[in-house]
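Have a look at the structure below, then the notes.
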Amino acid sequence: MAFRNFKMVGYVIYGRGSFDQLDEIISTQRKTGAPMVFLVDHYFEGRPLSTRIPAKNHDKIIFVDVTYEPKTSYVDSLAGRLKEEFGALSGIIGIGGGSTMDLAKAVALMMNNPGSSADYQGWDLVKNPGVYKVGIPTLSGTGAEVSRTTVLTGPTKKLGMNSDFTPFDQIVLDPELTAGAIVNQRFYTGMDCYIHCIESLNGTYLNEFSKSYGEKALQLCRDVFVKKDSWDAACDDKLMMASYAGGMSIAYSQVGVAHAVSYGLSYLLGTKHGIGNCIVFDHLEEYYPEGVREFKYMVEKNGIDIPKNICSSLTDEQFNNMIDVSIGMKPLWENALGKDWERIMTRDKLRRLYEKL
Ligand code: NAD
Ligand code: ZN
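Listed below in structure tokens is the structure:
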């Protein structure tokens, strides 16, 4: 048996207001004539955070459009533009939710790798280390701040650039930055973390490493979504650590049924990750009975809308397309259902599940 030997994030700073140390942190990474590029979630354009970004001299701030989840074409155009304008960079700093952090990781990698990011969708295909990269979450839940992947939708698949070069060199965990998130979005992204925990803790890949982080992350999710009656700053602190720990939990295990099914939705319908996971998880009593019961309670308690009947007018071809994408996520199914998963999750069964969504 080969044990996973995984690469982790280089440096971590945590705390309210820690964003203000960014200038000092990146100063050691600055190279003469090579700017720092800040990729910032477009939500922050014209908002106070944008005036606190420590951009100097030839540094560049680019507000990225995350209306849609990151596409390989967007990554390629950003990297192409930066190569043309500057040649070399000192680094890329991603400030935003999972989409922005993934863009930052991918663009940093593409600065030093030839071709298109679509060529590297898969496992361990990236050839060269990217430029120095920093991740600064402004939403909590995806675990993108700690993961070794950057999830991209490409011409033929939705799949990450999974590699040892992918994790950030530095992350800045400042819960203050998440304070402005609207209630529904905060819930959907927070549930990504909750679902990571349920899928990891109920998976066949589980070991004590994943369990230690998964249980802690789950407890933190419960603190904020089950126990608390109103949201406060302490909830932002907790959810940020839940996201981190949830990400660490799946680093040594894998996600499961909700993710495998929601990838199909996202590929075909463009359903975003957090909300897509919620739409699917709502129907997974058969696989995660306790988790789904608690999920429904949290939806109710927090007054959240989960869309329904999103697959009601799809054609056979479209269903098949989603089933192909979903069935392709082999490690997820194996984690969820064991080595014999193909006998358990047939195309028919998956079709019936999609029809319910
Ligand atoms: P997101 O980054 O897509 O952002 C969702 C919305 O929230 C956007 O409109 C954004 O502008 C807005 N937003 C961000 N921060 C805000 C703030 N502080 N206040 C108000 N609005 C804010 O959402 P997400 O759920 O964080 O990320 C989902 C993405 O992460 C997907 O693309 C998914 O594929 C990816 N993901 C990656 C990993 C990984 O390991 N790399 C894991 C899970 C998900
Ligand atoms: Zn997820």
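Under my numbering, the first residue of the sequence shown is numbered 179, with each subsequent residue one higher. Ideal Cβ placement from N, Cα and C applies to all residues, glycine included.
Option nearest residue i by Cα separation, candidates the options
{"i": "H236", "options": "Y252, N290, E263", "result": "E263"}
{"i": "T356", "options": "S504, R525, C413, V304", "result": "C413"}
{"i": "F216", "options": "G506, K474, M279, K486", "result": "M279"}
{"i": "T120", "options": "T524, A233, I376, G425", "result": "No answer is possible for residue 120: it lies beyond the span of the chain, which begins at 179 and ends at 535."}
{"i": "G274", "options": "K336, N380, V350", "result": "V350"}
{"i": "D302", "options": "L337, M214, F222, E463", "result": "L337"}
{"i": "I501", "options": "Y466, K479, L447", "result": "L447"}
{"i": "G332", "options": "F365, L528, V503", "result": "V503"}
{"i": "V312", "options": "S295, F473, G276", "result": "G276"}
{"i": "D347", "options": "E323, M179, N498, Q363", "result": "E323"}
{"i": "G265", "options": "I231, Y252, A286", "result": "A286"}
{"i": "I373", "options": "L260, G193, G516, S427", "result": "S427"}
{"i": "R182", "options": "A514, S341, Y422", "result": "S341"}
{"i": "D243", "options": "A233, S255, K234, P232", "result": "S255"}
{"i": "Y189", "options": "I203, D198, M179", "result": "I203"}
{"i": "R194", "options": "A411, Y246, L510", "result": "A411"}
{"i": "Y192", "options": "R471, F459, M418, D526", "result": "M418"}
{"i": "R406", "options": "N380, Y475, V458", "result": "With the sequence shown as reference, residue 406 is identified as Lys, and Arg is not the correct amino acid for it. The candidate whose alpha carbon is nearest that of K406 is Y475."}
{"i": "K185", "options": "C399, P467, P315, S325", "result": "S325"}
{"i": "V309", "options": "P226, Q207, V404, S318", "result": "Q207"}
{"i": "R471", "options": "V404, K238, E520, N498", "result": "V404"}
{"i": "A423", "options": "F365, G258, R230, F387", "result": "F387"}
Rounded straight-line distance, which links the Cα of residue j to that of residue i
{"i": "S444", "j": "S268", "result": "34 Å"}
{"i": "Q299", "j": "I360", "result": "32 Å"}
{"i": "G392", "j": "V402", "result": "16 Å"}
{"i": "P292", "j": "L260", "result": "14 Å"}
{"i": "D415", "j": "L200", "result": "19 Å"}
{"i": "Y221", "j": "M179", "result": "46 Å"}
{"i": "P509", "j": "A436", "result": "13 Å"}
{"i": "L492", "j": "G442", "result": "13 Å"}
{"i": "V477", "j": "L330", "result": "28 Å"}
{"i": "G516", "j": "G224", "result": "49 Å"}
{"i": "K209", "j": "E495", "result": "52 Å"}
{"i": "I484", "j": "Q397", "result": "23 Å"}
{"i": "S318", "j": "Y252", "result": "23 Å"}
{"i": "N362", "j": "G368", "result": "10 Å"}
{"i": "N498", "j": "I239", "result": "42 Å"}
{"i": "S294", "j": "W519", "result": "33 Å"}
{"i": "K534", "j": "F459", "result": "11 Å"}
{"i": "V187", "j": "A233", "result": "23 Å"}
{"i": "F473", "j": "W409", "result": "18 Å"}
{"i": "E354", "j": "R400", "result": "20 Å"}
{"i": "P226", "j": "R364", "result": "20 Å"}
Residue i and residue j closer than 8 Å at C-beta
{"i": "V433", "j": "S390", "result": "no"}
{"i": "I376", "j": "G469", "result": "yes"}
{"i": "P248", "j": "A284", "result": "yes"}
{"i": "I482", "j": "T449", "result": "no"}
{"i": "A296", "j": "T250", "result": "yes"}
{"i": "H461", "j": "L528", "result": "no"}
{"i": "I271", "j": "M339", "result": "no"}
{"i": "S431", "j": "N455", "result": "no"}
{"i": "V218", "j": "S205", "result": "no"}
{"i": "S421", "j": "G321", "result": "yes"}
{"i": "A429", "j": "M507", "result": "no"}
{"i": "V304", "j": "T334", "result": "no"}
{"i": "N513", "j": "Y383", "result": "yes"}
{"i": "F241", "j": "D352", "result": "no"}
{"i": "Y246", "j": "N380", "result": "no"}
{"i": "I505", "j": "R521", "result": "no"}
{"i": "N290", "j": "P307", "result": "yes"}
CB contact below 8 Å: residue i versus chain C
{"i": "D370", "result": "Although the question refers to chain C, the structure presented lacks it and comprises just one protein chain."}
Those residues which DSSP pairs with residue i across a bridge
{"i": "D219", "result": "V242"}
{"i": "A212", "result": "K209"}
{"i": "L249", "result": "For clarity, residue 249 is Lys in the given sequence; the question names Leu instead. In the DSSP output, where bridge partners are listed per residue, K249 has T331."}
{"i": "K336", "result": "T331"}
{"i": "I271", "result": "F216, V312"}
{"i": "G300", "result": "M339"}
{"i": "V435", "result": "Bridge partners of V435: none, in fact."}
{"i": "Y189", "result": "Q348"}
Closer than 7 Å: residue i CB and nearest ligand 4 heavy atom
{"i": "T229", "result": "Of the ligands one can find in the structure shown, namely ligand 1 and ligand 2, none is ligand 4."}
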